[in-house]
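These protein sequences, in sequence, are chains V and F.
Residue numbering for the first sequence follows my numbering, beginning at 1 and increasing consecutively.
Residue numbering for the second sequence follows my numbering, beginning at 1001 and increasing consecutively.
Every residue gets a Cβ at the ideal spot worked out from N, C-alpha and C, and that includes glycine.
Nothing here was measured: the structure is a model prediction, and the numbers come from that model.
Below is one structure; the comments refer to it alone.
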Amino acid sequence: MENKFKLVKLEEQASEHILAPNYSYWKSVFRRFFSSKVAIFMFIISAIIILMSAIYPLFVPYSPSYTPNINDFATRFIRPNLEYLFGTDNVGNSLFDAIWSGTRNSLAIAFTATAITTILGVTVGAFWGFSKRIDKFMLEVYNIAANIPFTLLVIVLMYILGRGMWQLIFALSVTSWLTTAYFIRVQVMIIRDREYNLASRCLGTPTHRIITHNILPQLISVIVTAISRDVPTFISYEVFLGYLGMGLTQSDASLGRMISDYSQYISSASYLFWLPVCISAIIAVSLYVVGQTLADASDPRTHFI
Amino acid sequence: MRKYIIGRLIRSFFSIFIVVSIAIVMIYTLVPKENIFFGDSYLPKLGSKPDETIQYKNSRWEELGYLDFVQQSDMCKNSDNYSGCMVIGSEESLVLKANYVDEGYTVDTFPKSGFLYAYKEYTAVELITNWFSNFIQIDNVNKISDDGNLDLERKVYLATDYNGLPAVKCSGCENEYLMYLDGSFPFIHQNFIKLNFGVSYPTYSGVETIDVISSGQGTYDYEDVEFPSGKTASSPLDLHNCTYKATSTLDRLDQEKFDSNYANCSFNYQDPSMISTSYLFGILALILSYVIGLPGGIFMSSRKGKLADKIGTVYINFMIAVPSLAFIFFAKLIGTAFGLPDKFPQFGFNDIRSYILPVIILGLLGTAGLMIWTRRYMVDQSNADYVKFARAKGLSQKEIFNNHILKNAIIPIVDGIPSSIILCISGAVITETVFAIPGMGKMLPDAIKAYNNSMVITLTFILTALSVLALLLGDILITFVDPRIKLDNKGDSR
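In structure tokens form, the structure reads like this:
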């Protein structure tokens, strides 16, 4: 009988090869993110807004205290048209210029405050959750800070420090990092005693390595969720303080102060009032949705291979 | 349990103390002290009189607790040779000047009259001790010392008030009634202990800050009252809150109405105080939030992953992301289209239309957080083992849902109830400002715009204290709802 089997040459390399699907973390994150149509739409909107507010004020600077057309009555209260896309205000300044400068300031404040809050919060929170000695001390600090209503804290701090962008960033981030840190602490406490971390500790891995290599990668989606929640909150506070006249200085454009200043024209030139209101809402919503979808996408457990 | 609560209370008081101390020190040292004269109407009249300007400013600062201010006439009081001391440039006055400089005072001369004056700004520690040492004032029988009425009887006694209700009265105290009953909340009122928050300035100048936010607003409320002398008249006086008036200042009208020196009465007003206004809005909005948010969250969790859940999630995301200022204006636009007023004073306190829009806005602002957590807790509970067991026993889905899951999921929600009452007040800052509602929330930005420092400190104290105690109340409340929860972690190895 003819033997149908044939001897083949032994391939060293093939025997070492492990069959596993091709998986790349970041590719999966992007694939997952762009599978949502709403997220793509919101991503495009926020990209346009961020780019416009970063680039446009470079070419067309605007300051509320600079009013070249103040004596030219013909340039006042022009309704939105092709020349002035968003119309002009009570001193003849283009609202289009004003809104992009205001948006730039709002975004700069929100992003800086979020960056400080997140970096400080995650760093402190990771060690806080790990060390029992730090925990005792930090819990007392947290209990004092968390008891103060945030609105009260921000208003009183702005009153004390005076107006300005850095003062505002300080007031927004001075206690909010504690919230993020506390949030991370709880998550770290849940994960730190899992078997693989115990094994890692037994093998002599130093604490900072356990934190950076074993624990923090697990928390990416939690951190992104916190970021996506912080950015709209800070935008909201900038708008609110601007409305009360306590945010930025007189010479800086601010969406909140635009809303406050133009609220007297709510019936006579309503576009002046409603455009900043709508823009502030659109920015916050689009960034929030993008952040939430990114948080979902960054969780490896949602990556079905 | 008791030990835990006492420990918690001590820590709560400590954190209030820390927060208020930081606020006091920062406000008194970092806000330029010239700013308080921003809205002063008297100062411009002194424009051409430098001596009076210096005197006025420094006595204001002394009154508000910034510094200690002494003029030459005060300095010389302790001197043996008063008339010699009061001569400009005399030897005595130079010695005096050197003494005050040694004590850390800044000594200067009035530009016109040439007399000396000295001032010393308080240090951070002094600022804090000054504020807290005068904070609690207890009324006692030896409080009043009146040279015109030396044989004043000193006693605390039980008696009936002008309505015939029992009351604790006092002779020799600051207040006539130490404790009394009446028909308004909280029904039993006391005047034993009074918290002294300082005097408001420059807005509501001269009135104590606590009175500004806690006494009524608007016009006087006239009622027919019978005065202690037996005379009846229509009067806005609140006979329960009368304080001692020195005999030298008693006039004929006082003597006609009152048979004692307790003739300095406060007034009844038609409109509620700032605190009651804020609380009224807060409570109404809170009820609305829970009426919408709790069933909303429960409904979402029972339809998890279906259309209702998705619509609810969109709503929650919208409410979290949209700046509250923008939301308030959107809601206001819709509301005014239905003929509701866009400002509270348009119809005032006695028209229900004034309340609808702010309450709906405040209520809706609170729903998102409530819905998201209710849904979360319900979904988490429905994966628990006891739910599977209940299902294995053959209970219907509805029974499991209402009797098992809901009861367990509601516990963390209960924890938040007391503190959400507080959040209503501080969160109402925006709504009250937009609708011009005369409440506590609007008072904070108003006080800041006017550089009313003592008012800012008062509000910081009240809002912090309320929020600290509300968190404690919430924790105590859940131990009643769920007996498994123990606040003192005995035997916890971690």
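8 Å Cβ cutoff met for I220 (chain V) and S298 (chain V) = In contact: I220 (chain V) and S298 (chain V) (Cβ atoms closer than 8 Å).
Answer yes or no: does any C-beta atom of chain V fall closer than 8 Å to that of G1491 (chain F)?
-> Because the pLDDT of G1491 (chain F) is 43, which lies under 50, any placement of that residue in the model is unreliable, and the number read from its coordinates should be weighed accordingly. Interface annotation, G1491 (chain F): not in contact with chain V, CB-CB separation never under 8 Å.
Is it the case that the Cβ atoms of D1040 (chain F) and P1202 (chain F) are separated by a distance below 8 Å?
-> Going by beta carbons, D1040 (chain F) and P1202 (chain F) fall inside the 8 Å limit.
Any beta-carbon of chain F closer than 8 Å to the one on Y265 (chain V)?
-> Not an interface residue.
At 9 Å on the CB atoms, spell out the chain V contacts of I1525 (chain F), in chain order.
-> The shown model of chain F, from 1001 to 1494, leaves out residue 1525 (chain F), and the question about it has no answer.
For N1264 (chain F) and I1144 (chain F), the rounded distance between their alpha carbons | Per the coordinates, the alpha-carbon of I1144 (chain F) lies some 14 Å from the alpha-carbon of N1264 (chain F).
Would you say the stretch 1210-1225 of chain F touches the stretch 1258-1274 of chain F, given that touching needs at least three Cβ pairs under 8 Å?
-> Yes, the stretch 1210-1225 of chain F touches the stretch 1258-1274 of chain F.
Going by other Cβ atoms of all chains shown within 10 Å of its Cβ, with 16 needed for buried, is V1070 (chain F) buried or exposed?
-> V1070 (chain F) comes out buried.
Note down, in chain order, every chain V residue with its Cβ under 7 Å from the Cβ of L1463 (chain F).
-> Neighbours of L1463 (chain F) on chain V, chain order: P149 and L152.
Tell me the start and end of each unbroken alpha helix (DSSP H) in the stretch 1195-1266 of chain F that is at least 4 residues and wholly inside, in chain order.
-> As far as the stretch 1195-1266 of chain F is concerned, its whole alpha helix (DSSP H) runs of at least 4 residues are 1209-1214 and 1252-1257.
Please report the Cβ distance between P61 (chain V) and R104 (chain V), rounded to the nearest whole angstrom; I am assuming they are in contact, meaning their Cβ atoms lie under 8 Å.
-> P61 (chain V) to R104 (chain V), Cβ: 11 Å. No contact.
For P232 (chain V), which residues in chain B fall below 9 Å Cβ to Cβ?
-> Among the protein chains of the structure shown, namely V and F, there is no chain B.
Taking the C-alpha atoms as reference points, what is the distance between N966 (chain F) and M1179 (chain F)?
-> One cannot answer for residue 966 (chain F) here, as it falls past the ends of chain F, which runs 1001 to 1494.
Would you kindly check if the distance between the Cβ of V239 (chain V) and the Cβ of P1323 (chain F) is under 8 Å?
-> Contact annotation: P1323 (chain F) and V239 (chain V) have beta-carbon atoms nearer than 8 Å.
Per DSSP, E1121 (chain F) is paired with what?
-> When DSSP reads this structure, E1121 (chain F) sits in a beta bridge with F:L1067.
Alpha carbon to alpha carbon, what distance is there between H1404 (chain F) and H303 (chain V)?
-> C-alpha separation (whole angstroms): 34 Å.
Outcome for G1491 (chain F) when other beta-carbon atoms lying within 10 angstroms are tallied against a minimum of 16 = Low confidence applies here, because G1491 (chain F) scores a pLDDT of 43, under 50, leaving its location unreliable; read the following figure in that light. It counts as exposed.
Enclosing alpha helix (DSSP H) for K1306 (chain F) [first to last residue] = No alpha helix (DSSP H) contains K1306 (chain F), which DSSP labels as neither H nor E.
Where M1179 (chain F) falls: helix, strand or coil (DSSP) = Correct three-state label for M1179 (chain F): strand.
Taking 8 Å as the CB-CB cut-off, is L1471 (chain F) touching chain V?
-> For L1471 (chain F), the answer is yes, since a Cβ of chain V falls inside 8 Å of its Cβ.
Note down the Cα distance separating S1083 (chain F) from K1112 (chain F), rounded to an integer number of angstroms.
-> Taking the CA atoms as reference points, S1083 (chain F) sits about 20 Å from K1112 (chain F).
Under 8 Å between C-beta atoms of K1194 (chain F) and S1171 (chain F) = No. Outside cutoff.
Is it the case that the Cβ atoms of A295 (chain V) and V224 (chain V) are separated by a distance below 8 Å?
-> The beta carbons of A295 (chain V) and V224 (chain V) sit closer together than 8 Å.
Backbone CA spacing between G121 (chain V) and L172 (chain V) [nearest angstrom] = Their backbone Cα atoms lie some 13 Å apart in a straight line.
Could you confirm whether any beta carbon from chain F is found closer than 8 Å to the beta carbon of N105 (chain V)?
-> Against chain F, the CB of N105 (chain V) has no partner CB under 8 Å away; the residue lies outside that interface.
For a contact meaning CB atoms closer than 8 Å, what does Y142 (chain V) contact in chain F?
-> Those within 8 Å of Y142 (chain V) in chain F number zero; the least Cβ separation is about 10 Å.
Less than 8 Å separating the beta-carbons of L1406 (chain F) and V1429 (chain F)?
-> 8 Å or more divides the Cβ of L1406 (chain F) from the Cβ of V1429 (chain F).
Does any residue of chain V bring its CB to less than 8 Å from the CB of F1187 (chain F)?
-> Answer no: the Cβ-Cβ gap between F1187 (chain F) and chain V never drops below 8 Å.
Please list the residues of the stretch 154-166 of chain V that have a C-beta atom closer than 9 Å to any C-beta atom in chain F, keeping them in chain order.
-> Hits within the stretch, in order: I155, V156, L157, M158, Y159, I160, L161 and G162.
Looking at C-beta atoms only, is the number of pairs between the stretch 1009-1017 of chain F and the stretch 139-150 of chain V that lie closer than 8 Å three or more?
-> Yes: at least three Cβ pairs fall under 8 Å.
Would you grab the beta carbon distance between V174 (chain V) and L241 (chain V) for me? Rounded to a whole angstrom, and I think it's under 8 Å.
-> Separation of the CB atoms of V174 (chain V) and L241 (chain V) is rounded to 14 Å, and the pair is thereby denied contact status at 8 Å.
Grouping DSSP H, G and I as helix and E and B as strand, with all else coil, what is T67 (chain V)?
-> In the structure shown, the three-state DSSP call for T67 (chain V) is coil.
Exposed or buried, H1240 (chain F), counting other C-beta atoms within 10 Å across all chains shown (16 or more means buried)?
-> Answer is buried; the Cβ neighbour count reaches 16.
By the criterion of Cβ-Cβ separation under 8 Å, what are the contact partners of A171 (chain V) in chain F?
-> Proximity of chain F to A171 (chain V) at the Cβ level (cut-off 8 Å) is not reached, the minimal Cβ distance being about 12 Å.
DSSP state of T1336 (chain F), grouped into three classes?
-> Correct three-state label for T1336 (chain F): helix.
D89 (chain V) - DSSP class collapsed to helix/strand/coil | Here D89 (chain V) sits in coil by DSSP.
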